[in-house]
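K.L.:
Structure incoming, see below.
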Ligand SMILES: *[C@@H]1O[C@H](CO)[C@@H](O)[C@H](O)[C@H]1NC(C)=O
Ligand SMILES: *[C@@H]1O[C@H](CO)[C@@H](O)[C@H](O)[C@H]1NC(C)=O
Ligand SMILES: *[C@@H]1O[C@H](CO)[C@@H](O)[C@H](O)[C@H]1NC(C)=O
Ligand SMILES: *[C@@H]1O[C@H](CO)[C@@H](O)[C@H](O)[C@H]1NC(C)=O
Ligand SMILES: *[C@@H]1O[C@H](CO)[C@@H](O)[C@H](O)[C@H]1NC(C)=O
Ligand SMILES: *[C@@H]1O[C@H](CO)[C@@H](O)[C@H](O)[C@H]1NC(C)=O
């Protein structure tokens, strides 16, 4: 009886909005690549990103929204709703030469959205595997794909190692000399202009900016003639180019009349890469590390109509997996069983407290490190990675690589409310807190699967595939 009742309720939940003619919202999810905590204007006015600042300030800025320390794990979390230690992608990124991938048995966000009637487009970087056709975006719920499979490439030549990497759906296309951000913005605008507004739109827009190689057209670099450090100057220009692209895309959404039922999400995929022009101050460390500088994502959500409480900063805990769950709830799709994500829809729309009590930063059985935080404390076991507090380059700075040489103890505890910069290790002072959080990590460890990290292989060598990176070697 109970089961039948539940079945009827679920059926009603799924079909009622359709019967009532309530259309699920259009969703545009923008990911910036390697964008540092201190690298948008609303955190650091020296970076000129007026459009992103305006949307952030008129929406909800998320101040404790965690991502993974690197691209592949974060992207897998955003799209599956599972922590990477539940998909085997918790160790580093998929290497250029590695037959690694997000396993095909994980159903990803666009696949769920398609079942709900969405048209789904992806424009930008994939980095979840491509050695077999079954792992590429067009086989995983995206109606169209315009972008590249690998984790990084030249912004103008679309080449990495010895291979070219750029496709329209499955077909290699040569886009001569145009800057990545401009190509992606133009395609996103074309998608928006051709979209039938009576169908819900999902546009996943993982920009290549501001990932290295640090390069940008001159006009954006010239906006920062006051910065003498070349990397920082060009990097800042990359942030401004992305801002302009975001502006062009949001104008297209407005022109098309989609903004009355639109949810915009923006996040970085991991912290800024120190040594490549990024800055995460006042947070410690950067990309690849489980310090705050590697894992706290700069992010916000915006909607003219769906977000009721707006124009403020929310300090509730979130993780990349929650974006998956929140987008599902926004679309009126029930949460799949077993995922790690929790929907933060009420947090986003009404400013309700976060539904999340703790965040597991990682459990990496190859690097032998793991970390967890609750509302106040963060426990790190093993080596979190290099942990400098990166200063902003001074006018005459030439070298931004700073190493902390003191070896760290293998148990670290920080009070992130008092000490978000992770300066004072409290592990010896608060053994009860250490033990409590250790027990939580032990519980999660008992559910983890080992990292999949096969050795590199020449099998995918572009030399065997007409000079391009593409499927056919696993
Ligand atoms: C996918 O398959 C792997 C084994 O290959 C398994 O560990 C994992 O639990 C599966 N996940 C899902 C969501 O089916
Ligand atoms: C990409 O695939 C979609 C869906 O099949 C199709 O409508 C579109 O024309 C394709 N684009 C190209 C350039 O082939
Ligand atoms: C592509 O551009 C990158 C970054 O500027 C450069 O390092 C690389 O040598 C270029 N590759 C080719 C094949 O031109
Ligand atoms: C934004 O649109 C303007 C006007 O069409 C164009 O000149 C500029 O190149 C676009 N910028 C990007 C990054 O797409
Ligand atoms: C992790 O621990 C294993 C087993 O103790 C050891 O072989 C390996 O070298 C360690 N790896 C790192 C990165 O410390
Ligand atoms: C955001 O978080 C930082 C670091 O924890 C904190 O210093 C700052 O006060 C927070 N901002 C707001 C508006 O709460």
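Residue numbers (mature numbering (1 follows the signal peptide of the UniProt record, and there is no 0)): -21 to -1, 1 to 453. Glycine included, every Cβ here is placed at the ideal spot set by N, Cα and C.
What three-state label does DSSP hand residue 145 in the structure shown?
P.N.:
coil
K.L.:
Which same chain residues end up closer than 8 Å to residue 437 when comparing Cβ atoms and leaving out the 5 residues on each side of it in sequence?
P.N.:
Correct list, in chain order: 76.
K.L.:
Select from 351, 20, 391, 324 the residue whose C-alpha is nearest the C-alpha of residue 366.
P.N.:
391
K.L.:
Exposed or buried, which one is residue 442 when buried takes at least 16 other CB atoms within 10 Å?
P.N.:
exposed
K.L.:
If you reduce the DSSP assignment to three classes, tell me which class residue 380 lands in.
P.N.:
With a pLDDT of only 47 at residue 380, under 50, the local geometry of the prediction cannot be trusted, and no value is derived from it.
K.L.:
Would you say the beta carbon of residue 346 is closer than 6 Å to some non-hydrogen atom of ligand 5?
P.N.:
yes
K.L.:
Measure the alpha-carbon distance for residue 355 versus residue 114 and round it to whole angstroms.
P.N.:
Taken atom to atom, the span from the alpha-carbon of residue 355 to that of residue 114 is near 39 Å.
K.L.:
Classify residue 327: buried if its beta carbon has 16 or more other beta carbons within 10 angstroms, exposed otherwise.
P.N.:
buried
K.L.:
Go ahead and pull the three-state DSSP assignment for residue -4.
P.N.:
With a pLDDT of only 48 at residue -4, under 50, the local geometry of the prediction cannot be trusted, and no value is derived from it.
K.L.:
State the start and end residues of the unbroken alpha helix (DSSP H) segment that holds residue 57.
P.N.:
50 to 59
K.L.:
Which residues neighbour ligand 6 when neighbourhood means a C-beta less than 6 Å away from any of its non-hydrogen atoms? List them by chain order.
P.N.:
42, 292, 294, 399
K.L.:
Grouping DSSP H, G and I as helix and E and B as strand, with all else coil, what is residue 135?
P.N.:
Correct three-state label for residue 135: coil.
K.L.:
Is DSSP giving residue 390 helix, strand or coil here?
P.N.:
strand
K.L.:
Which residue marks the beginning of the alpha helix (DSSP H) containing residue 424, and which one marks its end?
P.N.:
Looking at the DSSP string, the run of the alpha helix (DSSP H) that includes residue 424 is 410 to 426.
K.L.:
Roughly how far, in whole angstroms, is the beta-carbon of residue 62 from the beta-carbon of residue 300, given that I think they are within contact range, below 8 Å?
P.N.:
6 Å
K.L.:
If you draw a straight line from the alpha carbon of residue 401 to that of residue 440, how long is it in whole angstroms?
P.N.:
Residue 401 and residue 440 have their alpha carbons spaced roughly 42 Å apart.
K.L.:
Distance check for residue 334 and residue 396, CA to CA, integer angstroms please.
P.N.:
Here the alpha carbons of residue 334 and residue 396 stand approximately 18 Å from one another.
K.L.:
Please list, in chain order, all residues with a C-beta atom less than 6 Å from at least one heavy atom of ligand 4.
P.N.:
160, 161, 164, 220, 223, 224, 227
K.L.:
Could you spell out where the alpha helix (DSSP H) holding residue 226 opens and where it closes?
P.N.:
Unbroken alpha helix (DSSP H) run through residue 226: 209 to 234.
K.L.:
Does the Cβ of residue 92 have 16 or more other Cβ atoms within 10 Å, making it buried, or fewer, making it exposed?
P.N.:
Taking every protein chain shown into account, the CB of residue 92 has 16 or more other CB atoms within 10 angstroms, so this residue is buried.
K.L.:
Let me make sure I understand the geometry here. Which of 298, 287, 261, 293 has the alpha-carbon closest to that of residue 276?
P.N.:
298
K.L.:
Pull the bridge partners of residue 470 from the DSSP assignment, please.
P.N.:
A question about residue 470 goes unanswered here, because the residues of the chain that appear run from -21 up to 453.
K.L.:
Tell me the start and end of each unbroken alpha helix (DSSP H) in the region 141 to 197 that is at least 4 residues and wholly inside, in chain order.
P.N.:
159 to 173
K.L.:
Can you tell me which of 64, 177, 141 puts its alpha carbon nearest to the alpha carbon of residue 448?
P.N.:
141
K.L.:
Under 8 Å: do the region 206 to 214 and the region 119 to 136 share three or more Cβ pairs, one atom per stretch?
P.N.:
no
K.L.:
Leaving out five residues before and five after residue 318 in sequence, what residues of the same chain have Cβ atoms less than 8 Å from its Cβ?
P.N.:
59, 60, 61, 300, 303, 304
K.L.:
Say the cut is 6 Å; is the CB of residue 318 nearer than that to a heavy atom of ligand 1?
P.N.:
No.
K.L.:
Alpha carbon to alpha carbon, what distance is there between residue 207 and residue 88?
P.N.:
43 Å
K.L.:
In whole angstroms, what is the alpha-carbon distance linking residue -3 and residue 307?
P.N.:
Note that residue -3 scores a pLDDT of 46, beneath 50, so its modelled location is shaky; the value from the coordinates is reported in the next line. Whole-angstrom Cα-Cα distance: 19 Å.
K.L.:
Tell me the rounded alpha-carbon separation between residue 272 and residue 259.
P.N.:
5 Å
K.L.:
Would you call residue 329 buried or exposed, if buried means 16 or more other Cβ atoms sit within 10 Å of its Cβ?
P.N.:
exposed
K.L.:
Out of 224, 311, 359, 344, point me to the one whose CA is closest to residue 68's CA.
P.N.:
Taking only the C-alpha atoms, the option nearest residue 68 is 344.
K.L.:
Since I believe residue 257 is in contact with residue 18 (beta carbons under 8 Å), could you give me their beta-carbon distance rounded to a whole number of angstroms?
P.N.:
6 Å
K.L.:
Buried or exposed, going by whether 16 or more other CB atoms sit within 10 Å of the CB of residue 247?
P.N.:
buried
K.L.:
For residue 106, tell me which candidate among 51, 94, 152 has the shortest Cα-Cα distance.
P.N.:
Checked all of 51, 94, 152; the closest Cα to residue 106 is 51.
K.L.:
Between residue 216 and residue 372, what straight-line distance do the alpha-carbon atoms span, to the nearest angstrom?
P.N.:
15 Å
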